[in-house]
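Residue numbers (our numbering): 213 to 359.
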């Protein structure tokens, strides 16, 4: 056996080893993600919302923004349709005063009644803001919206 045959068989072992390492890393990442978000999912699913099937990987995004893929010959911005879709979704749960919208694997809680907002704001625990509030700080500072 010469060195070229030995090198060729080693390449197969190295590539299969690297593939195994990558697949195991992905599996561990998803297990860690599932364990870390399990409690959030448990509480968010108690809020009123449209129940999703397992194949809705994007959450409610695929349901709310399906108009993005249809052709329209208008001068109206597609963001107007996005806003109308969200308003329509929230109007289905008006009597509940709160709803949950899943965007991929992140729940967005909509509170739209004064009594419900008062209960949340008067609660003694500190509310942790989502990551996207930090994106607003350079423009609007730490005012009422981001506080």
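No residue lacks a Cβ here, since even glycine has one placed at the ideal position from N, Cα and C.
Item, Value
"Does the segment 250-266 come close enough to the segment 302-311 that 3 or more CB-CB pairs lie under 8 angstroms?", "yes"
"Distance, Cα to Cα, residue 328 vs residue 246?", "30 angstroms"
"Count the other CB atoms, across all protein chains shown, that sit within 10 Å of the CB of residue 334; report buried if there are 16 or more and exposed otherwise.", "exposed"
"Please return the same chain residues whose Cβ sits closer than 6 angstroms to the Cβ of residue 319, not counting the five positions on each side in sequence.", "256 and 312"
"Would you kindly work out how many angstroms separate the C-alpha atoms of residue 351 and residue 274, rounded to a whole number?", "30 angstroms"
"Report yes if the CB atom of residue 301 is closer than 8 angstroms to the CB atom of residue 249, and no otherwise.", "no"
"Is the beta carbon of residue 309 closer than 8 angstroms to that of residue 325?", "yes"
"Please classify residue 271: is it buried, with 16 or more other beta-carbons within 10 angstroms of its beta-carbon, or exposed?", "buried"
"So what's residue 310 in DSSP terms, helix, strand or just coil?", "strand"
"Taking the alpha carbon of residue 298 as the reference point, which residue from 331, 315 and 287 has its own alpha carbon closest?", "315"
"Assuming residue 322 is part of the beta strand (DSSP E), what are its boundary residues?", "318-323"
"Looking at the structure shown, is residue 248 part of a helix, part of a strand, or coil, going by DSSP?", "helix"
"Mapping DSSP to helix, strand and coil, what is residue 353?", "coil"
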